[in-house]
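Asker:
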Amino acid sequence: MRTNNKGIKRLLKWFWGSILAGLLLIFLLFFLIALGYLGVMPSFEELENPKNSLATEIISEDHKVLGNFAIENRTFVDFEELSPYIVNALIATEDLRFYDHSGVDPRGLARVAVRTVIMGDKGSGGGSTITQQLAKLLFHEPAKNIWERGLQKLNEWVIAVKLERSYTKNEILTMYLNKVGYIYDAYGIQSAAQTFFGATTDSIKIEEAAVLVGMLKNPALFNPIRRKDTTEFRRNVVLDQMRKAQFISEVEYDSLRNIPLTLKFRRRDHKEGVAPYFREYIRLTLNAHKPERANYPSYLNNKFIADSIEWENNPMYGFTNKNLKPDGTKYNIYRDGLKIYTTVNYKMQTYAENALKDHLANNLQKAFFQEKKGRSRAPFTHEITDEQYESIINKAIRNSERYRIMRKAGIKRDSIMKAFKTPVDMQIFTWEGEKDTVLTPLDSIIHIKHYLRASLFSIDPRNGHVKAYVGGPNFKYFMYDMATKGKRQVGSTIKPLVYTLAMQEGHTPCDLVPNIPQTFVLPDGKTWTPRDGGKRRKGEMVTLKWGLANSNNNISAWVMKQYNPEAVRDMIHELGILSPMDAVPSLCLGIPDFSLNEMVSAYSTFANKGVRIEPMMISRIVDRYGNVIGQFTPKKKEVISEHTAFLMLNLLQGVVNGGTGTRLRYTYEFTGQIAGKTGTTQNHSDGWFIGVTPNLATGIWVGGEDRDIHFDGIRLGQGANMALPIWALYMKQVYADESLNITEEDVFEEPMNFNLVLDCDEDNKPLTEEEEEEETYTNGDESEFF
Numbered sequence: 022m023r024t025n026n027k028g029i030k031r032l033l034k035w036f037w038g039s040i041l042a043g044l045l046l047i048f049l050l051f052f053l054i055a056l057g058y059l060g061v062m063p064s065f066e067e068l069e070n071p072k073n074s075l076a077t078e079i080i081s082e083d084h085k086v087l088g089n090f091a092i093e094n095r096t097f098v099d100f101e102e103l104s105p106y107i108v109n110a111l112i113a114t115e116d117l118r119f120y121d122h123s124g125v126d127p128r129g130l131a132r133v134a135v136r137t138v139i140m141g142d143k144g145s146g147g148g149s150t151i152t153q154q155l156a157k158l159l160f161h162e163p164a165k166n167i168w169e170r171g172l173q174k175l176n177e178w179v180i181a182v183k184l185e186r187s188y189t190k191n192e193i194l195t196m197y198l199n200k201v202g203y204i205y206d207a208y209g210i211q212s213a214a215q216t217f218f219g220a221t222t223d224s225i226k227i228e229e230a231a232v233l234v235g236m237l238k239n240p241a242l243f244n245p246i247r248r249k250d251t252t253e254f255r256r257n258v259v260l261d262q263m264r265k266a267q268f269i270s271e272v273e274y275d276s277l278r279n280i281p282l283t284l285k286f287r288r289r290d291h292k293e294g295v296a297p298y299f300r301e302y303i304r305l306t307l308n309a310h311k312p313e314r315a316n317y318p319s320y321l322n323n324k325f326i327a328d329s330i331e332w333e334n335n336p337m338y339g340f341t342n343k344n345l346k347p348d349g350t351k352y353n354i355y356r357d358g359l360k361i362y363t364t365v366n367y368k369m370q371t372y373a374e375n376a377l378k379d380h381l382a383n384n385l386q387k388a389f390f391q392e393k394k395g396r397s398r399a400p401f402t403h404e405i406t407d408e409q410y411e412s413i414i415n416k417a418i419r420n421s422e423r424y425r426i427m428r429k430a431g432i433k434r435d436s437i438m439k440a441f442k443t444p445v446d447m448q449i450f451t452w453e454g455e456k457d458t459v460l461t462p463l464d465s466i467i468h469i470k471h472y473l474r475a476s477l478f479s480i481d482p483r484n485g486h487v488k489a490y491v492g493g494p495n496f497k498y499f500m501y502d503m504a505t506k507g508k509r510q511v512g513s514t515i516k517p518l519v520y521t522l523a524m525q526e527g528h529t530p531c532d533l534v535p536n537i538p539q540t541f542v543l544p545d546g547k548t549w550t551p552r553d554g555g556k557r558r559k560g561e562m563v564t565l566k567w568g569l570a571n572s573n574n575n576i577s578a579w580v581m582k583q584y585n586p587e588a589v590r591d592m593i594h595e596l597g598i599l600s601p602m603d604a605v606p607s608l609c610l611g612i613p614d615f616s617l618n619e620m621v622s623a624y625s626t627f628a629n630k631g632v633r634i635e636p637m638m639i640s641r642i643v644d645r646y647g648n649v650i651g652q653f654t655p656k657k658k659e660v661i662s663e664h665t666a667f668l669m670l671n672l673l674q675g676v677v678n679g680g681t682g683t684r685l686r687y688t689y690e691f692t693g694q695i696a697g698k699t700g701t702t703q704n705h706s707d708g709w710f711i712g713v714t715p716n717l718a719t720g721i722w723v724g725g726e727d728r729d730i731h732f733d734g735i736r737l738g739q740g741a742n743m744a745l746p747i748w749a750l751y752m753k754q755v756y757a758d759e760s761l762n763i764t765e766e767d768v769f770e771e772p773m774n775f776n777l778v779l780d781c782d783e784d785n786k787p788l789t790e791e792e793e794e795e796e797t798y799t800n801g802d803e804s805e806f807f
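Numbered per this note's numbering, the sequence shown finishes at 807, counting up by one with no gaps.
(1) Do the CB positions of residue 541 and residue 516 come within less than 8 Å of each other?
(2) With contact counted as at least three CB pairs below 8 Å, one residue from each stretch, are the stretch 461 to 475 and the stretch 715 to 724 in contact?
(3) Would you verify that the beta carbon of residue 232 is, or is not, closer than 8 Å to some beta carbon of chain C?
(4) Does the beta-carbon of residue 598 have 16 or more other beta-carbons within 10 angstroms, so that it is buried, or is it exposed?
(5) Please go through the same chain and pick out, in chain order, the residues whose beta-carbon is closer than 6 Å to the beta-carbon of residue 112, but skip the five residues on each side of it.
(6) If you draw a straight line from the C-alpha of residue 330 to the C-alpha of residue 312, how long is it?
(7) Under the rule that 16 or more other beta-carbon atoms within 10 Å means buried, what is residue 32, buried or exposed?
(8) To which residues of the same chain is residue 714 closer than 8 Å at the C-beta, ignoring the five residues directly before and after it?
(9) Give me the Cα-Cα distance between residue 719 and residue 388, rounded to the nearest whole angstrom.
(10) Does the distance from the CB of residue 365 to the CB of residue 82 come in under 8 Å?
(11) Between the alpha carbons of residue 414 and residue 432, how many angstroms are there, rounded?
(12) Do you know whose CA, among 595, 520, 614 and 538, lies nearest residue 584's CA?
(13) By Cβ distance below 6 Å, which residues in the same chain neighbour residue 710 in space, the five residues on each side in sequence not counted?
(14) Quick check: what's the CA-CA separation for residue 243 versus residue 251?
(15) Between the Cα of residue 735 and those of 706, 467, 567 and 756, spot the shortest distance and give me the residue it belongs to.
(16) Along the beta strand (DSSP E) that carries residue 574, what are the first and last residues, could you check?
(17) Using the Cα positions of residue 769 and residue 417, report the straight-line distance between them to the nearest angstrom.
(18) Can you have a look at residue 358 and say buried or exposed, based on whether 16 or more other CB atoms are within 10 angstroms of its CB?
(19) Would you decide whether residue 439 is buried or exposed? Buried here means 16 or more other CB atoms lie within 10 Å of its CB.
(20) If you drop the 5 nearest sequence neighbours on each side, which residues of the same chain put their C-beta closer than 6 Å to that of residue 65?
(21) Quick check for students: name the residue ranges of the alpha helix (DSSP H) that lie wholly in the stretch 479 to 567, counting only runs of 4 or more.
(22) Would you check if the stretch 256 to 270 and the stretch 450 to 465 touch, i.e. whether three or more CB-CB distances between them fall below 8 Å?
(23) Quick check: residue 610 and residue 675, are their CB atoms within less than 8 Å of each other?
(24) Do you know whose CA, among 213, 738, 613 and 653, lies nearest residue 202's CA?
(25) Taking 6 Å as the limit between beta carbons, can you name the residues of its chain near residue 158, skipping five residues before and five after?
(26) Do residue 640 and residue 302 count as a contact pair if the criterion is CB distance below 8 Å?
(27) If you draw a straight line from the alpha carbon of residue 512 to that of residue 87, how long is it in whole angstroms?
(28) Please state the DSSP three-state secondary structure of residue 476.
(29) Tell me which same chain residues have a C-beta within less than 6 Å of the C-beta of residue 48, skipping the five on either side of it?
(30) CA-CA distance, residue 35 and residue 187?
(31) Do residue 578 and residue 590 count as a contact pair if the criterion is CB distance below 8 Å?
(32) Please classify residue 425 as buried or exposed, where buried requires at least 16 other C-beta atoms within 10 Å of its C-beta.
(33) Could you have a look at residue 180 and say whether DSSP puts it in helix, strand or coil?
(34) Are the CB atoms of residue 209 and residue 194 nearer to each other than 8 Å?
(35) Is the beta carbon of residue 596 closer than 8 Å to that of residue 633?
(36) How close, in whole Å, do the beta carbons of residue 571 and residue 557 come, if the pair is a contact with beta carbons under 8 Å?
Structure, rendered in structure tokens:
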């Protein structure tokens, strides 16, 4: 009997000793894990501030998201922004006792041990809590083998407990939903809701929430785009779990599970959406590096100078490289979840894009196709030689992405040229949408050159806020930005800048000058006489107002002759145009190349009472915690008197009321005050119109990718036909939107004590359409430049 008792005691000692040793071993194991000896354990600081890559949002003036910058397309949401449907679906499916455990669920682990391990029921569910899954997402990379994964599991238990001590349950749930990855470049629940359903997390439907939660099990498998039936089945599993958890009733479940899976799928792409050119400009500007002369080839010396000036004077230029975070590192717009508040108005941006597309697609492009149809060297002018044509096409081939990739791969030029003449499957741009076709890469280059380009830049002249920014017709296919980067010959739109000097020096719109040719003696002793200024009132005394209204070259040359080219150049610089230009007599006819934003900024000075104000695109930048890290204000400088500015507005109103811009009155029936100027360059390669109202200055440029791509006739190629209609279509929408507070009743404010009579006593009846065409031909584009 005693022997049996001794045996039992010995057995009990071994049993409890084994239990104690096991507990000590487990304690030691978790102690070592907590100290980081068995895998990386996040520090307290890392637990308190887990690193998330958050998308930077670009936000419009009227609080709409224009787009984002991201490596992972992730937008952070607070718990209050989560629909209860999302929260309930997640808890019912992933962790029913989420609000009861402390990071590790003993009942869940017991279920796994008994049903999954012992009974082999693989469908019984996992034992990981939402907190453990968050720990895995935050601090663990994918395991290389089963042993590493087992150790990670133990680490996740410890991390989960620590997370539960650092955060509330709702914070943990929100962090998890912000961190989870989906497919199609959607990261986090907000991006997924927008990508698959065009919804936000606070407005999503219950059946949509069930889809997004169901996808978490395996986003690639439960892909609603490719596996609709499988995804619908998984959605119904989630709904059933919600029924079992009593988040929905039996009746609701029966109704919801029979709803067809309906998507509003739109993959996030920086090349698409509203204001893509503007967003790209913001991205490049914020990330700009300090200019170093060695990084600029000799032919880009002017750009180096311009960039250097921007670096020193523009706080937005190179913002991420000039400013440091509290920890001393640079800001990263792809990871730091910044909010960039811009001056662009979402509605006005949409109106601008619509207007540009409307005129190009429905009018101008059709006429251009018709003119070039059947021509051997289309879309180029018939005057181009075979040698010029080959040179342009070869340059386009060398500049293409396909060519650069092939050259980088070491492929010989002969083989590359052969590849460019071999048909391949591709997508091409059309105004009716992208088209799948088979073309040679060479033919695709010629195809895309057939399409005319256009840009629009619109600012509030009172504060410099950029309201709309369109750099081209389609960012995916025409990525070069013609609103700020591209520079083209400005033609007659330069004439008001020349007249500004005359007004500043004491002339008035009603001053009479002779409408006769003007001859200039050049430094080399030769002479230059601009082409005669049309047939109307030839040889008569005419007012300066008449001269500008009819874009008369004789009168512009007369103004230039009263001063000198250097004075005119200096005035143009004062008005905000920093592009290089030669101080030569022909400057008065618009030979230099300027950018659209420069021209609009200069014209806005007239509406801002002589104060030049630099265009402003960003009002402030806020970090992920709500701290303002960048506040921007426009730079202002009085460059002309208020008196001069008002005289210029009067001159420019004459262009619209009785000159080359009169179709705004007789075709588009605008009644309000508009100051504007058309412009058509040599061979009508470029069409311009800049229109100024009391509250808005807007410029339009239209032309081909190359200067030899243009209409052969002035009737279609003039600025009044190419660019002015876009301005009209844009302003029609702006005026119709009462929320913008821009109306045709707005008037230019007259200076105090202004007593000049500006209603000149002369024959200034509006031009007919035929007269407008004739004046443009003889004055606006065919001048003999040198």
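Cβ coordinates follow ideal geometry from the N, Cα and C atoms, glycine included. Since this is a predicted model, take the numbers as computed values, not measurements.
Answerer: Looking at the atomic coordinates:
(1) Between residue 541 and residue 516, the gap from beta carbon to beta carbon reaches 8 Å or more.
(2) Flag = yes, the stretch 461 to 475 and the stretch 715 to 724 touch.
(3) Among the chains of the structure shown, chain C does not appear; only one protein chain is present.
(4) With 16 or more neighbouring CB atoms inside 10 Å of its own CB, residue 598 falls in the buried class.
(5) Cβ neighbours of residue 112 within its own chain (closer than 6 Å, five residues either side excluded): 119.
(6) Distance between the alpha carbons of residue 330 and residue 312: 9 Å.
(7) Answer is exposed; the Cβ neighbour count stays below 16.
(8) Same-chain partners within the cutoff: 628, 693, 694, 695, 696, 752, 763 and 767.
(9) Roughly 25 Å between the two C-alpha positions.
(10) Taking 8 Å as the cut-off, the beta carbon of residue 365 is found closer than this to the beta carbon of residue 82.
(11) One C-alpha to the other measures close to 20 Å.
(12) The residue with the shortest Cα to Cα distance from residue 584 is 520.
(13) Same-chain partners within the cutoff: 699, 721, 740, 744, 745 and 748.
(14) Per the coordinates, the alpha-carbon of residue 243 lies some 6 Å from the alpha-carbon of residue 251.
(15) Checked all of 706, 467, 567 and 756; the closest Cα to residue 735 is 706.
(16) Careful: residue 574 lies outside any beta strand (DSSP E), inside the alpha helix (DSSP H) at 574 to 583.
(17) Residue 769 and residue 417 have their alpha carbons spaced roughly 47 Å apart.
(18) When all chains shown are included, residue 358 counts as buried.
(19) Under this definition residue 439 is an exposed residue.
(20) Per-residue confidence for residue 65 stands at a pLDDT of 45, beneath the threshold of 50, marking its modelled position as unreliable; the derived number appears in the next sentence. The answer is none, since no qualifying residue turns up.
(21) List check, alpha helix (DSSP H) in window: 516 to 525.
(22) No, the stretch 450 to 465 does not touch the stretch 256 to 270.
(23) No, they are not a contact pair.
(24) The alpha carbon of residue 202 has as its nearest neighbour, out of 213, 738, 613 and 653, the alpha carbon of 213.
(25) Hits under 6 Å: 200.
(26) The Cβ atoms of residue 302 and residue 640 lie no closer than 8 Å to each other.
(27) Linking residue 512 to residue 87 through their CA atoms gives a straight-line distance of about 34 Å.
(28) In the three-state scheme derived from DSSP, where H, G and I count as helix and E and B as strand, residue 476 is classed as strand.
(29) With a pLDDT of only 47 at residue 48, under 50, the local geometry of the prediction cannot be trusted, and the value read off the model is given with reservation. The same chain holds no residue with a CB closer than 6 Å to that of residue 48 once the five nearest residues on each side in sequence are set aside.
(30) Answer to the nearest angstrom: the Cα atoms are 40 Å apart.
(31) No, these two residues do not count as a Cβ contact at 8 Å.
(32) Burial call: exposed.
(33) In the three-state reduction of the DSSP assignment, residue 180 falls in the helix class, which pools H, G and I.
(34) No. Outside cutoff.
(35) Inclusion of residue 633 and residue 596 in the CB contact set at 8 Å is warranted, their separation being smaller than that value.
(36) So it is a contact: roughly 7 Å between Cβ atoms.
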